[in-house]
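Asker: What follows is a structure written as structure tokens; I'll ask about it next.
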Amino acid sequence: MFASSSFNLSNPNLRTTLAASNSIIPESPNPRTLSLHTQLDTAHEPDSDSDNQAPKFKGSPQLKRWSRARAIRSGRKLDRSTHRSQALQLDRQIQLIESAELEPANAAGAGADADTDAAASSSKSIYMISDGTGWTAEHSVGAALGQFEHCLVDRGCPVQTHLFSGIDDVEPLMEIVKQAAKEGAMVVYTLADPSMAEAAKQACKLWGLPSTDILGPITEAIASHLRVSPSGLPRGAPGRNIPLSDEYFRRIEAIEFTIKQDDGALPQNLHKADIILAGVSRTGKTPLSIYLAQKGYKVANVPIVMGVDLPKTLFQVDPEKVFGLTINPLVLQTIRRARAKTLGFTTEVGNINYSEMSYVRRELEFAGRIFSQNPVWPVIGKHI
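Here my numbering runs 222 ahead of the position in the sequence shown, where the first position is 1.
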């Protein structure tokens, strides 16, 4: 994490900079605005002979370390596409691979990995900057990207998003904007402090970056409607006392229940669940369960394994609670291989290769027969 920095007004160089920009900065400037103008005024301006040249930057090791740590925690890599992107790329070759044997399929998979790497290097980047968790920025960008599925699915316009959360000081903000300029990225931000939002706007303008303030316009509109000034404090900032509601405690209870019911545990409690997810291994049961739990739903998930009977209580509960999860076999194979590689395991389970296409298909067909025998269960192919 970046350390906050302050500027010493006794520094003669700083006084010179402030004097030069006296027509812009008021007599008693906001400290954040002062930091912004100090950094912008001391930024390197291109010479008149090199106006057409792109600005050059020296990479910030601090920013790289911080971004790498955040990417690891979020399960993403900044310079490679996600496993989902790899799966989407492989999905384009379904017809070819379905008619091939295992070795040609493996060769096609290796070629797809190379194609995915090439697509990642040519993709557009979107930097999301937040002074909180970044939830609002991520979901807003995700909703907007949903309008371009026709282009994203076939990799016609690959996009990589990078989230920078907890940015509450001008110095790290400037580092991120400079890095965005180096990559030619778009910048979107949710900064509650108006001076920080203005700093982001001016910095993006300086470096010629497209930028969007997600939080500012709606905050101003609500303030005008209510005729009340906003606090300008991030949601988790000290001094903001948000009362704990009944809904909050319901969510906590739902999350605790869902964790205890993961992977078929405690089948005797299935009747207490609001939602029950059933599917073969690696169809996204646990991530979807946790996501729904954060919305306040008590969720249980039950794995479907060939040769293992499903718990009797699954067929005794209200069938409208049960949802079947399915997935494209090629995508499932890719996920299983990636999972085994991440854990450092071989794909062999006993005498069965659980990521082998023939085994994957048999498992999905087995699950499909169970779903057919229970037609009330909705079967969905979308998951986290």
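C-beta: ideal position from N, C-alpha, C; glycine also.
Which runs of the beta strand (DSSP E) fall wholly inside the stretch 473–525 and span at least 3 residues, in chain order?
Answerer: Those beta strand (DSSP E) runs which fall completely within the stretch 473–525 and span 3+ residues are 497–501 and 521–525.
Asker: When you compare each of Val530, Met418, Tyr411 and Phe588 to Ile436 by their alpha carbons, which one comes out closest?
Answerer: Residue 436 sits at position 214 when you count from the first residue of the sequence shown. Selected option, being the one with the closest Cα: Tyr411.
Asker: Between Gly486 and the rest of its own chain, which residues show a CB-CB distance below 6 Å, the 5 nearest in sequence each way excluded?
Answerer: To locate residue 486, count along the sequence shown from 1; it is residue 264. Correct list, in chain order: Val524 and Pro525.
Asker: Just to confirm, are Pro456 and Ala414 a CB contact at a threshold of 7 Å?
Answerer: As a position in the sequence shown, residue 456 is number 234, starting the count at 1. As a position in the sequence shown, residue 414 is number 192, starting the count at 1. In this structure, Ala414 lies closer than 7 Å to Pro456 by Cβ.
Asker: Would Ala610 and Leu367 be called neighbours here (beta carbons separated by less than 7 Å)?
Answerer: Nothing can be reported for residue 610: it is not among the residues displayed for the chain, which extend from 223 to 606.
Asker: Helix, strand or coil: which one does DSSP assign to Tyr411?
Answerer: On the sequence shown, position 189 is the one that residue 411 refers to. Tyr411: strand per DSSP, three-state reduction.
Asker: Given a cut-off of 7 Å, decide if Pro533 and Pro597 are closer than it, judged by their beta-carbon atoms.
Answerer: Counting from one through the sequence shown, the residue named residue 597 turns up at place 375. Counting from one through the sequence shown, the residue named residue 533 turns up at place 311. No, the Cβ-Cβ distance between Pro597 and Pro533 is not below 7 Å.
Asker: Check for me: the alpha helix (DSSP H) holding Phe386 runs from which residue to which?
Answerer: Here residue 386 refers to the residue found at position 164 when the sequence shown is read from its first residue. Not the alpha helix (DSSP H): Phe386 falls in the beta strand (DSSP E), residues Val381 to Phe386.
Asker: Within its chain, find whatever has a CB closer than 8 Å to the CB of Thr508; leave out the 5 residues flanking it on each side and keep chain order.
Answerer: One-based indexing of the sequence shown puts residue 508 at position 286. Excluding residues within five positions, the ones whose Cβ falls inside 8 Å are Asp484, Asp485 and Asn523.
Asker: For a quick check, are the C-beta atoms of Ile389 and Ile351 less than 7 Å apart?
Answerer: The residue you call residue 389 lines up with position 167 of the sequence shown. The residue you call residue 351 lines up with position 129 of the sequence shown. Contact: yes.
Asker: In the DSSP output, what is Leu547 paired with across the bridge?
Answerer: Residue mapping note: residue 547 aligns to position 325 of the sequence shown, counting from 1. Partner(s): Ile602.
Asker: Taking the alpha helix (DSSP H) that Thr441 falls in, what are its first and last residues?
Answerer: What you label residue 441 is simply residue 219 of the sequence shown in a count that begins at 1. Note, Thr441: alpha helix (DSSP H), Leu437 to Leu448.
Asker: Taking just the CA atoms, how far does Arg583 sit from Leu563?
Answerer: Residue numbering aside, residue 563 sits at position 341 when the sequence shown is read from its first letter. Residue numbering aside, residue 583 sits at position 361 when the sequence shown is read from its first letter. Per the sequence shown, residue 563 should be read as Lys rather than Leu. Taking the straight line joining both Cα atoms gives about 21 Å.
Asker: Going by alpha carbons, who is nearest to Val544 out of Ile474, Met408 and Leu499?
Answerer: Working through the sequence shown from its first residue, we reach residue 544 at position 322. The candidate whose alpha carbon is nearest that of Val544 is Leu499.
Asker: Using the Cα positions of Phe370 and Val381, report the straight-line distance between them to the nearest angstrom.
Answerer: Indexing the sequence shown from 1 puts residue 370 at position 148. Indexing the sequence shown from 1 puts residue 381 at position 159. So the alpha carbons of these two residues sit roughly 10 Å apart.
Asker: Is it the case that the CB of Gln401 approaches a heavy atom of the ligand COA more closely than 6 Å?
Answerer: Ligands are entirely absent from the displayed structure, and the ligand COA is therefore not among its contents.
Asker: Let me check one thing: in DSSP terms, what residues is Ser352 bridge-paired to?
Answerer: One-based indexing of the sequence shown puts residue 352 at position 130. Ser352 is bridged to Thr412.
Asker: Provide the residue span of the alpha helix (DSSP H) that contains Val399, from first to last.
Answerer: Position 177 of the sequence shown, counted from the start, is the residue given in the question as residue 399. Element bounds for Val399: Val392 to Glu405.
Asker: Once the 5 residues before and after Thr535 are set aside, which same chain residues still bring their CB inside 8 Å of it?
Answerer: As a working note, residue 535 is residue 313 in the sequence shown. Correct list, in chain order: Pro489, Gln490, Leu492 and His493.
Asker: Look at the alpha carbon of Trp599 and the alpha carbon of Ala495, and state the distance between them as a whole number of angstroms.
Answerer: Residue 599 sits at position 377 when you count from the first residue of the sequence shown. Residue 495 sits at position 273 when you count from the first residue of the sequence shown. Distance between the alpha carbons of Trp599 and Ala495: 15 Å.
Asker: Let me check one thing: in DSSP terms, what residues is Ser347 bridge-paired to?
Answerer: As a first step, residue 347 is located in the sequence shown; it is residue number 125 there, counting from the start. Per DSSP, Gln382.
Asker: With Ser580 as the anchor, note down where its alpha helix (DSSP H) starts and where it stops.
Answerer: Position 358 of the sequence shown, counted from the start, is the residue given in the question as residue 580. Per DSSP, Ser580 belongs to the alpha helix (DSSP H) from Met579 to Gln595.
Asker: Around the Cβ of Asp468, are there at least 16 other Cβ atoms within 10 angstroms (buried) or fewer (exposed)?
Answerer: On the sequence shown, position 246 is the one that residue 468 refers to. Its Cβ having fewer than 16 others within 10 Å, Asp468 is exposed.
Asker: Could you tell me the boundaries of the alpha helix (DSSP H) in which Ser467 lies?
Answerer: For the purposes of this step, residue 467 is taken as the residue at position 245 of the sequence shown. From DSSP, Ser467 is part of no alpha helix (DSSP H); its letter is neither H nor E.
Asker: Using CA atoms only, rank isn't needed, just tell me which of Ile474, Leu565 and Thr548 is closest to Phe588.
Answerer: As a position in the sequence shown, residue 588 is number 366, starting the count at 1. Among Ile474, Leu565 and Thr548, the Cα nearest to that of Phe588 belongs to Thr548.
Asker: Hey, how far is the Cα of Ile440 from the Cα of Met528?
Answerer: Here residue 440 is taken as the residue at index 218 of the sequence shown, counted from 1. Here residue 528 is taken as the residue at index 306 of the sequence shown, counted from 1. Cα to Cα, Ile440 sits roughly 52 Å from Met528.
Asker: Can you tell me which of Asp540, Met396, Gly406 and Leu395 puts its alpha carbon nearest to the alpha carbon of Leu344?
Answerer: Here residue 344 is taken as the residue at index 122 of the sequence shown, counted from 1. For the record, residue 344 in the displayed sequence is Ser; it is not Leu. Checking every option, the nearest Cα to that of Ser344 belongs to Gly406.
Asker: How should Arg504 be labelled, buried or exposed, when 16 other C-beta atoms within 10 angstroms of its C-beta is the threshold for buried?
Answerer: Taking the first residue of the sequence shown as position 1, residue 504 is located at position 282. Buried, since its Cβ has 16 or more Cβ neighbours within 10 Å.
Asker: Does the distance from the CB of Val539 to the CB of Thr480 come in under 7 Å?
Answerer: By one-based count along the sequence shown, residue 539 stands at place 317. By one-based count along the sequence shown, residue 480 stands at place 258. Result no, Cβ atoms of Val539 and Thr480 do not sit closer than 7 Å.
Asker: Compare the Cα-Cα distances from Ser417 to each of Ser577, Leu395, Pro460 and Thr358 and report the closest residue.
Answerer: Position 195 of the sequence shown, counting from 1, holds the residue named residue 417. It is Leu395 whose Cα lies nearest to the Cα of Ser417.
Asker: Looking at C-alpha atoms only, which residue of Leu586, Gly546, Phe567 and Leu565 is the closest neighbour of Leu552?
Answerer: In the sequence shown, the residue the question calls residue 552 occupies position 330. Ranking the options by Cα distance to Leu552, first place goes to Leu586.
Asker: Taking Tyr519 as the reference, give the member of Phe537, Phe471 and Gly506 with the closest Cα.
Answerer: Numbered from its first residue, the sequence shown carries residue 519 at position 297. With distances taken between Cα atoms, Tyr519 lies closest to Phe471.
Asker: Should Asp531 be labelled buried (16 or more other beta-carbon atoms within 10 Å of its own) or exposed?
Answerer: Within the sequence shown, numbered from 1, the residue matching residue 531 stands at position 309. Exposed: under 16 other Cβ atoms inside 10 Å.
Asker: One question on the structure: do Ser433 and Val409 come within less than 7 Å of each other, judged by their Cβ atoms?
Answerer: Start at 1 with the first residue of the sequence shown, and residue 433 comes out as number 211. Start at 1 with the first residue of the sequence shown, and residue 409 comes out as number 187. For Ser433 and Val409, yes; Cβs fall inside 7 Å.
Asker: Are Gly438 and Ser387 close, meaning C-beta to C-beta below 7 Å?
Answerer: Within the sequence shown, residue 438 is the residue found at index 216, counting from 1. Within the sequence shown, residue 387 is the residue found at index 165, counting from 1. No, they are not a contact pair.
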